[in-house]
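According to my numbering, the sequence shown is numbered sequentially starting from 358.
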Amino acid sequence: MGDKGPRSVGQGQRSPASGRRRMKILVTGSKGQLAAAFIRRLEEQGHECLRRDLDTLDIGDRGAVMREAAAIRPGLIVNCAAYNLVDEAERSPDDAFRTNASGPENLALAALETGAFLVHFGSDYIFDGVKAPVPYDENDVPNPLSRYGASKLEGELRIKRTGARHLILRISWLFGSGDRNFIGKLLEWSKRSGELRVADDEISAPTWTEDAAAAAMAALKAGLAGTWHLPNTGSCSRYEWAGLVFKTLNIKKSIIRGRMADFHLPAKRPGFSAMTNAAISRELGLAVPRWEEAVEKFLKLRGDKI
Numbered sequence: 358m359g360d361k362g363p364r365s366v367g368q369g370q371r372s373p374a375s376g377r378r379r380m381k382i383l384v385t386g387s388k389g390q391l392a393a394a395f396i397r398r399l400e401e402q403g404h405e406c407l408r409r410d411l412d413t414l415d416i417g418d419r420g421a422v423m424r425e426a427a428a429i430r431p432g433l434i435v436n437c438a439a440y441n442l443v444d445e446a447e448r449s450p451d452d453a454f455r456t457n458a459s460g461p462e463n464l465a466l467a468a469l470e471t472g473a474f475l476v477h478f479g480s481d482y483i484f485d486g487v488k489a490p491v492p493y494d495e496n497d498v499p500n501p502l503s504r505y506g507a508s509k510l511e512g513e514l515r516i517k518r519t520g521a522r523h524l525i526l527r528i529s530w531l532f533g534s535g536d537r538n539f540i541g542k543l544l545e546w547s548k549r550s551g552e553l554r555v556a557d558d559e560i561s562a563p564t565w566t567e568d569a570a571a572a573a574m575a576a577l578k579a580g581l582a583g584t585w586h587l588p589n590t591g592s593c594s595r596y597e598w599a600g601l602v603f604k605t606l607n608i609k610k611s612i613i614r615g616r617m618a619d620f621h622l623p624a625k626r627p628g629f630s631a632m633t634n635a636a637i638s639r640e641l642g643l644a645v646p647r648w649e650e651a652v653e654k655f656l657k658l659r660g661d662k663i
């Protein structure tokens, strides 16, 4: 993988966010649900977040990234940008690799040039599922089944090869503000007539953006570096997740157990990609909430927006 799993770092290697001074922070993918949670916390601490999305910075363009970083000289770069169209990546792998592999590499090179620290988010889809039912830890060897997964793994490897100071946090089944996530799709599907079929043979761990951002901030404060797993605690199938959402919201719609094969999707997905957050929880002395608690709290906070 290019490193030996998670590690804490010494004072000389600490991320700038471990201090108290106000920083310029470059946040890419700034219009996404994960960036929204991160930016709010950073700005609450008095940091200046320089927001960049595809319309203002194409991270796949090395020249543009290097010029931007040289101009603003950030102390921290937080990469929330990702090409996450898993099935489309099978048809357009170049687009996936541009954003998920070349993009992180370019940001790492910019961090190396400017002295910034890089935070990047990885994916559970780098794993093949053969470890089931034992959750994946940071020392397990990746073996992606799809081009999307391969692009995410390549991004991690390229970051490590640059030698830039970095923190890679792997997350899975992300949900948060907006509708571009599984819960958003569920609520849309719930309005359609007929039964809803959801796969019960695809298992992972949902990750709430708020919990991921909170733990990531704690990791930065502690000066962590390397690669860590940061989903919510526990695991479930898509079917179980859908059931909890409908139960919590009192949605009276029948959910039918399906199989991944029923949907004939272009990209192959691991049947099991649950990761354990035990290592980072021990290191930081925190308890990442269980996925059920996170989902219920998220739905309660959404309230009348549902």
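Just so you know, even glycine gets a beta-carbon here, dropped at the ideal spot from N, CA and C. Here the structure is a predicted model, which is why all the values come from computation and not from measurement.
From what residue to what residue does the beta strand (DSSP E) around residue i run?
i: Gly551; result: Run containing Gly551: none; DSSP gives neither H nor E here.
i: Leu383; result: 381-385
i: Leu475; result: 474-480
Helix, strand or coil for residue i per DSSP?
i: Tyr493; result: strand
i: Ile396; result: helix
i: Thr519; result: helix
i: Leu407; result: strand
i: Ser561; result: strand
i: Ile434; result: strand
i: Ser459; result: helix
i: Ser592; result: coil
i: Thr584; result: strand
i: Gly369; result: Confidence at Gly369 is low in this model, with a pLDDT of 36, below 50, so the placement of that residue should be treated as unreliable; the coordinate-derived value is given next. Of the three classes helix, strand and coil, the one that applies to Gly369 here is helix, per DSSP.
i: Ile416; result: coil
i: Arg527; result: strand
i: Gly359; result: In this predicted model, Gly359 has a pLDDT of only 39, less than 50, meaning its place in the structure is not dependable; the value taken from the coordinates is given anyway. In this structure, Gly359 counts as coil in the three-state DSSP scheme.
Going by C-alpha to C-alpha distance, which of the options sits closest to residue i?
i: Arg419; options: Asn463, Ala453, Pro450, Arg430; result: Asn463
i: Arg527; options: Ala556, Ser534, Asn589, Pro490; result: Asn589
i: Thr584; options: Pro431, Leu510, Gln390; result: Leu510
i: Pro563; options: Ala573, Leu553, Ser592, Gly535; result: Ser592
i: Leu433; options: Val602, Val476, Asp494; result: Val476
i: Ser534; options: Arg659, Gly628, Asp494; result: Arg659
i: Asp451; options: Ala473, Ser508, Ala570; result: Ser508
i: Arg504; options: Ile608, Met380, Gly642, Lys625; result: Lys625
i: Asp481; options: Thr605, Leu643, Ser630; result: Ser630
Where do the N-terminal and C-terminal ends of the alpha helix (DSSP H) with residue i fall, by residue?
i: Ala576; result: 566-579
i: Phe454; result: 450-454
i: Arg614; result: No alpha helix (DSSP H) contains Arg614, which is instead part of the beta strand (DSSP E) from 612-615.
i: Gly638; result: Looking at the sequence provided, one finds Ser at residue 638 rather than Gly. Looking at the DSSP string, the run of the alpha helix (DSSP H) that includes Ser638 is 635-641.
i: Ile429; result: 419-429
i: Leu658; result: 648-659
Quick one: measure Cβ to Cβ for residue i and residue j, integer angstroms, because I've assumed they're closer than 8 Å.
i: Ala576; j: Ile637; result: 7 Å
i: Ala458; j: Arg515; result: 6 Å
i: Cys437; j: Ala392; result: 4 Å
i: Gly479; j: Glu447; result: Not quite, the Cβ-Cβ distance comes to about 20 Å (not below 8 Å), so this is no contact.
i: Ala651; j: Trp565; result: 4 Å
Classify residue i as buried or exposed, calling it buried when 16 or more other Cβ atoms lie within 10 Å of its own Cβ.
i: Thr413; result: exposed
i: Val491; result: exposed
i: Val602; result: buried
i: Gly367; result: Low confidence applies to Gly367: its pLDDT is 36, below 50, so where it sits in the model is not reliable, and the reading given next is rough at best. Burial call: exposed.
i: Pro623; result: exposed
i: Arg378; result: exposed
i: Asp619; result: exposed
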